[in-house]
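These protein sequence lines are chains A and B, in that order.
According to our numbering, the first sequence is numbered sequentially starting from 1.
According to our numbering, the second sequence is numbered sequentially starting from 112.
Notes follow the structure.
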Amino acid sequence: QQKVQQSPESLIVPEGGMASLNCTSSDRNVDYFWWYRQHSGKSPKMLMSIFSNGEKEEGRFTVHLNKASLHTSLHIRDSQPSDSALYLCAAVNTNTGKLTFGDGTVLTVKP
Amino acid sequence: EAAVTQSPRSKVAVTGGKVTLSCHQTNNHDYMYWYRQDTGHGLRLIHYSYVADSTEKGDIPDGYKASRPSQENFSLILELASLSQTAVYFCASKGARTDTQYFGPGTRLLVL
Numbered sequence: 001q002q003k004v005q006q007s008p009e010s011l012i013v014p015e016g017g018m019a020s021l022n023c024t025s026s027d028r029n030v031d032y033f034w035w036y037r038q039h040s041g042k043s044p045k046m047l048m049s050i051f052s053n054g055e056k057e058e059g060r061f062t063v064h065l066n067k068a069s070l071h072t073s074l075h076i077r078d079s080q081p082s083d084s085a086l087y088l089c090a091a092v093n094t095n096t097g098k099l100t101f102g103d104g105t106v107l108t109v110k111p
Numbered sequence: 112e113a114a115v116t117q118s119p120r121s122k123v124a125v126t127g128g129k130v131t132l133s134c135h136q137t138n139n140h141d142y143m144y145w146y147r148q149d150t151g152h153g154l155r156l157i158h159y160s161y162v163a164d165s166t167e168k169g170d171i172p173d174g175y176k177a178s179r180p181s182q183e184n185f186s187l188i189l190e191l192a193s194l195s196q197t198a199v200y201f202c203a204s205k206g207a208r209t210d211t212q213y214f215g216p217g218t219r220l221l222v223l
């Protein structure tokens, strides 16, 4: 069973709209999460990480974390066509240094 | 940003043949990783290494070997390539004091 579940599998939002992506880990040894963005044909690029309960904002991107439920979410406001990509959530186990990735959410922003 | 390069960038291999994928980083990172990505899916860890001359099994090591002859270089070896190993392979590296992994551009492998 996939240890990191992402939802939805795909999402279409209009330009200027809000995109909300979810991620949950079933592994209690997870310490924090990374969000990566991968444009088609490219390698994953780190977007944001979140270590503590609560919210972290960087520009148009906001990440939430609930450590008790091992759930994180990424919210993109004022979405742009250039935000269209595969968004990958990675759960980090700092004991092993390993990242476990979910299958991602494909975001399409329609002009 | 950290520089990680991979070679070749794409390869066509025959079933049963040997394939070697190479990764090179110039950032003095201790940790290096090999992942595979199947179309429309996330990344799965194959092998990783904390230090030169030592490798560790990841989550899906079967059918793969790894070699870390130096801090800068990390290879992934498919001794007997199979159709199911068709995928994009990414190498990544990170420093000892951070959990940020930097990815290479990927190698697209097609096994026929």
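We put the CB at the ideal spot given by N, CA and C, even for glycine.
Keep in mind the model is a prediction, meaning the values are calculated, not measured.
Chain-ordered chain A contacts of B/P216 [CB-CB under 8 Å]: Residue mapping note: residue 216 of chain B aligns to position 105 of the second sequence, counting from 1. Within chain A, the residues near B/P216 are K42 and S43.
Rounded separation between A/A90 and B/Q148 - CA only: Position 90 of the first sequence, counting from 1, holds the residue named residue 90 of chain A. Position 37 of the second sequence, counting from 1, holds the residue named residue 148 of chain B. A/A90 and B/Q148: Cα-Cα distance of roughly 14 Å.
Of the listed residues A/R28, A/I12, A/P111 and A/Y36, nearest to A/D103 (C-alpha basis): Here residue 103 of chain A is taken as the residue at index 103 of the first sequence, counted from 1. Ranking the options by Cα distance to A/D103, first place goes to A/Y36.
Given B/I188 as reference, the closest of B/V115, B/T211 and B/A124 once Cα atoms are compared: Here residue 188 of chain B corresponds to residue number 77 of the second sequence, with the count starting at 1. Residue B/A124 is the option with its Cα nearest to B/I188.
Interface residues of chain A facing B/G153 [CB-CB closer than 7 Å]: Along the second sequence, one-based indexing puts residue 153 of chain B at 42. Those are L88, F101, G102, D103 and G104, listed as they occur along chain A.
Paired residues, beta bridge with A/M46 - DSSP: Start at 1 with the first residue of the first sequence, and residue 46 of chain A comes out as number 46. Answer is A/Y36, bridged to A/M46.
Simplified DSSP assignment, three categories, for B/L191: Looking up residue 191 of chain B in the second sequence gives position 80. Three-state result, B/L191: coil.
Straight-line gap, A/G17 to A/G59 (C-alpha atoms, nearest Å): In the first sequence, residue 17 of chain A corresponds to position 17, counting from 1. In the first sequence, residue 59 of chain A corresponds to position 59, counting from 1. Linking A/G17 to A/G59 through their CA atoms gives a straight-line distance of about 15 Å.
Alpha-carbon to alpha-carbon, A/T94 and B/P172: In the second sequence, residue 172 of chain B corresponds to position 61, counting from 1. In the first sequence, residue 94 of chain A corresponds to position 94, counting from 1. Their Cα atoms are separated by approximately 21 Å.
Interface flag, A/V30 vs chain B, CB-CB below 8 Å: Here residue 30 of chain A is taken as the residue at index 30 of the first sequence, counted from 1. Not an interface residue.
Delimiting residues of the beta strand (DSSP E) encompassing A/F101: Locating residue 101 of chain A in the first sequence gives position 101, counting from the first residue. Element bounds for A/F101: K98 to F101.
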